[in-house]
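Here is the structure we will look at, set down as structure tokens.
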Amino acid sequence: MSKLIFSVIIFLCFFSTCQPAQAQEKWNITKSTHFIVHYKNAPNNFIDDLISKSEEYYDRIAESLGFTRFNFWLWDNRANIYIYDNAEQYQKATSQPSWSAGAAIPSQKIIHTFPYAQGFFDTILPHEMAHIIFREFVGFDNTAIPLWLDEGVASYQEKSRYDSAMRTVKRALAEGKFVPLERLNVTNPSLSLNMESAQIFYAEAVSIVDFLIKEYGRENFVGFCQYLRDKKNLERSVSLIYPFSNLKELGDAWQKHLK
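281 is the number that the working numbering gives the last residue of the sequence shown; the numbers go up by one with no jumps.
Next up, the structure:
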């Protein structure tokens with residue numbers, strides 16, 4: 023994973039609380055099943071590609087998480103995507119830095135970008151959409167959701183992230199740098215000045231989500247998320263769905279699976 027993409031993701035995850043002035047501006051609007059796209063002078067082919075990609079990711083994310091039977095983002099509940107004409111307008115409206123390719127306000131289901139922003143279609147769009155879909159299901163203000171689960175679900179949707187994550191986890195195991203789940207559960211990569219440690223955090227987050235879904239099925243993952251939503255307790259939710267009494271047992275099984 024390049025440092026650029028990693029930096030973009032870190033910024034989006036922890037600092038995307040911008041409140042742009044889109045309400046004060048006049049926009050052209052195009053609607054699809056799950057999205058409302060607002061734009062001014064963006065090329066029509068870009069808008070068409072954006073809608074196609076967004077709907078494709080929406081279906082893929084819902085399918086991969088087992089959320090297909092839940093009716094998210096329909097009619098008045100559609101997500102909004104704002105497309106500024108260029109990087110300068112985007113930065114001015116959202117207060118994002120020059121290297122940012124996109125920003126999101128998950129609790130409002132809003133995503134911002136500009137035409138042909140580097141890395142937006144392949145990484146940022148699926149990542150941020152997954153954050154919104156997952157958080158909408160389990161609760162935006164649910165403090166029981168650990169950061170590794172939130173980021174693991176989002177990063178799990180990036181095809182390029184998945185392969186590199188598996189390589190990073192195996193290397194961490196071989197080099198004695200692997201972080202056990204109990205410690206991962208209280209880790210915040212934004213507080214680390216060590217790029218390698220942050221990369222290991224994201225890689226392990228992807229790995230354990232992959233383990234839960236592939237080893238125990240999407241239906242159980244949905245049940246786990248429902249208990250997290252309703253019980254607002256991580257270990258209780260784990261024990262109600264999976265054959266583990268606590269996080270340590272889950273972590274041990276995950277590590278055994280990796281080896």
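From the three backbone atoms N, C-alpha and C, an ideal C-beta is built for every residue, glycine too.
Ranked by how close their Cα comes to the Cα of V208, the residues S122, I167, N67, L280 have I167 in first place. Inter-residue distance for N50 and F68 is about 14 Å (C-alpha atoms, whole angstroms). No Cβ-Cβ contact shorter than 8 Å links A152 with T135. Given a length threshold of 4 residues, each whole run of the alpha helix (DSSP H) inside the region 202 to 267 is given here in chain order: 203 to 206, 217 to 238, 240 to 253, 256 to 263.
Shown here for N268: same chain residues with a beta carbon closer than 6 Å to its own, the five before and five after excluded, namely E257 in chain order. Burial is judged here by how many other beta carbons sit within 10 angstroms of a residue's own beta carbon; F92 has fewer than 16 and is exposed. Taking C-alpha positions only, S229 is separated from Y138 by approximately 30 Å. Between Y178 and the set K131, L206, L87, the nearest pair of CA atoms involves L87.
Around the beta carbon of H149, a 10 Å sphere encloses 16 or more other beta carbons of the protein chains shown; the residue is thus reported as buried. In the three-state reduction of the DSSP assignment, K62 falls in the coil class. A Cβ-Cβ separation of about 14 Å leaves F162 out of contact with C247 under the 8 Å criterion. Residue range 50 to 53 is occupied by the beta strand (DSSP E) that includes K53.
Restricting attention to A187, A196, E271, I154, the CA atom closest to the CA of A84 is found in I154. A residue is called buried when at least 16 other Cβ atoms come within 10 angstroms of its Cβ; E173 meets this threshold and is buried. Note: H134 is bridge-paired with Y104, A125 in the DSSP secondary-structure output. A227 sits close to W170, with the two beta carbons spaced by under 8 Å. Of the residues assessed, G198 falls on the exposed side of the cut-off, its CB having fewer than 16 other CB atoms within 10 angstroms.
For Y61 and N242, the gap between their C-alpha atoms comes out near 40 Å. Minimum Cα-Cα distance from A64 among the listed residues S54, L272, I105 corresponds to I105. Exclusion of the five residues before and after D81 leaves no residue of its chain whose Cβ lies closer than 7 Å to its Cβ. In the structure shown, F68 adopts helical secondary structure according to DSSP, grouped into three states. In the three-state scheme derived from DSSP, where H, G and I count as helix and E and B as strand, F94 is classed as coil. For P148, the enclosing alpha helix (DSSP H) starts and ends at 147 to 160. With contacts defined as CB atoms closer than 8 Å, Q221 and T190 qualify as a contacting pair. For the options R240, R183, G245, T90, the alpha carbon positioned closest to that of T145 is the one of R183. Nearest Cα to R240 within the set S219, I263, A225, Y224: I263.
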